[in-house]
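In this text, residue positions in the sequence shown follow the numbering used here: the first is 3, and each later residue adds one.
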Amino acid sequence: MKLHTGEPAWRKTLDPIPGYPALTSDTSCDCLIIGGGISGALCAYLLADQGMKTVLVDKNEVGSGSTLANTGILQYANDKTLTSFIHTFGEETAVHFYRLCKDSLNHLKELGRKLHPDLSPKERSSLYMASSDEDVSLLREEYENLRKYGFQVDWWNEEDFSGRFPFRKPGAIYTQGDAEINPFAFVHGLLEQAASKGLQIFEHTPITGWTFQSDGVMCRSGQLIVKAKHVILTTGYETQFLKREPGAYLTSTYAVATEPAAHFKDWHERCLIWETARPYLYMRTTPDGRIMAGGLDEPLSGSFLQEGREIHKGQELLGLIHEMFPEKAGLQAAYSWGAVFGETRDGLPYIGTHPNYPHCFFLEGYGGNGTVCSMLAAEMITDVLSGKPRTDMELFALTRSTKPVP
Ligand SMILES: Cc1cc2nc3c(=O)[nH]c(=O)nc-3n(C[C@H](O)[C@H](O)[C@H](O)COP(=O)(O)OP(=O)(O)OC[C@H]3O[C@@H](n4cnc5c(N)ncnc54)[C@H](O)[C@@H]3O)c2cc1C
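Written out as structure tokens, the structure is:
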């Protein structure tokens, strides 16, 4: 499946792009990771740290799937609010999930600091804005709930925008401690480190079949065999074509990155911006001074992205940037891309085992903060593989998709 169209902004930030060989002979390992995006790279990094004999394969180049389209915003707040999770799952579960996300965000920041300084996530504040007057009371309720459960947030009235932004919104939640990354460079940094600790990486090596055995899985890549005691499937949104989750669905989304701006005096703390409307518009800045914005989600046409539509949608996003930041009206789009995007109906990722796939773990981090969910999942799965029980993984069980979503 084609996961993106147009030209995502990150590929040109790495020169040269590290490359890895294709598999040329049968091999065996303790753990095979299928998929070299952010999810696979995080699992590989953690397993290499534990000294587990691990092989990672990707059918294309590592980091070239949805991870390349990712705008690199790291937030603990989810597309589905804490308030909404409380309504669906009750307070205890909802708060536990939000706390897990906050911990995973912090772990991503810690892990990034151990990589090259250029790869370390850059701390940013976030502004979650009410898109309209009607949304203020719901956003205020979210603010009260976040505070009640110990999340450090502030409330902004319309006047608080004055002097900080050239636009106003009727209310917003302001948070500190979120972050931004270059997801493509981050994946390469993780894999490089993991490879130095023994991880074997093979690109252009699709897994095309498997046989489950009592002591592991025999995976096939064409005529070649990878025998693994455990398999982690980090195949991204394409997992939907391997083992469909009725609780998940795919859409298309769009993003744009402008030419570098001269300054950000009109952008308070260069914070991460998003809003209550669904689908939402979101924005960040990049280290080389670009504005990156995303949104305008729409249904996939059949199961496919429409080639060329990213140009029109990129212009639409650019218009929204100009509307909010009139001083940036001269900036043109340097990169526009469209991409497949996955969400779940209950807002949770899918993490764990499946009765039909013995010795396998699935990591499916859906939603707008998929990277934080990938970190959460990678930690849970690698904990279990190293013999540390994670009973809270049950919350993300793959089998829950057979139950009606509340
Ligand atoms: C436009 C856009 C913006 C986004 N912005 C953000 C954001 O700001 N913050 C955030 O947290 N999340 C964001 N996301 C979500 C984020 O991109 C995803 O959660 C994340 O990239 C998923 O990573 P992954 O490693 O699971 O999948 P992928 O990056 O897609 O990696 C899966 C890999 O598996 C490989 N593969 C598949 N099948 C096989 C096979 N049979 N054999 C071998 N290899 C195989 C593929 O080639 C691919 O490289 C965004 C998504 C989009 C589309």
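Each residue gets a CB set at the ideal place from its N, CA and C atoms; glycine is no exception. Predicted model, so just to flag it, every value in this text is computed and none were measured.
| Query | Result |
| --- | --- |
| Euclidean distance between Cα positions of GLU329 and ASN371 | 30 Å |
| Three-way DSSP call (helix, strand, coil) for PRO185 in this model | helix |
| Sheet register partners of TYR176 (DSSP bridge) | LEU129 and ASP156 |
| Through-space distance from GLU261 to MET220, alpha-carbon basis | 48 Å |
| PRO406 - DSSP class collapsed to helix/strand/coil | Interpretation of PRO406 is limited by its pLDDT of 42, a score under 50 that renders its predicted location unreliable; the figure taken from the coordinates is listed afterwards. Coil at PRO406, not helix or strand. |
| Spatial distance of THR404 from GLY224 (CA atoms) | In this predicted model, THR404 has a pLDDT of only 49, less than 50, meaning its place in the structure is not dependable; the value taken from the coordinates is given anyway. In a straight line, the C-alpha of THR404 is about 33 Å away from that of GLY224. |
| The region 160 to 169 contacting the region 293 to 309, beta-carbon criterion three pairs below 8 Å | no |
| Of the residues THR90, CYS362 and GLY53, the one placed nearest PHE214, counting alpha carbons only | CYS362 |
| Where LYS111 falls, given that 16 or more other Cβ within 10 Å makes a residue buried | buried |
| The region 142 to 150 in contact with the region 80 to 95 per 3-pair CB rule at 8 Å | yes |
| Cβ distance (whole Å) where ILE35 is taken to contact LEU58 below 8 Å | 4 Å |
| DSSP-derived helix/strand/coil call for TYR352 | strand |
| Endpoints, alpha helix (DSSP H) assigned at HIS206 | That residue, HIS206, is in no alpha helix (DSSP H); it is neither H nor E in DSSP. |
| Contact set for ASN358: own chain, Cβ-Cβ below 8 Å, skip 5 residues either direction | LYS245 |
| Inter-stretch contact (C-beta, 8 Å, three-pair minimum) for the region 23 to 42 and the region 339 to 355 | no |
| Outcome for THR401 when other beta-carbon atoms lying within 10 angstroms are tallied against a minimum of 16 | exposed |
| Rounded straight-line distance, which links the Cα of ALA174 to that of ASP156 | 8 Å |
| ASN62 Cβ short of 8 Å to ligand 1 heavy atom set | yes |
| Reduced DSSP category for GLU136 - H, G, I as helix; E, B as strand; rest coil | helix |
| Straight-line gap, ASN184 to ILE313 (C-alpha atoms, nearest Å) | 22 Å |
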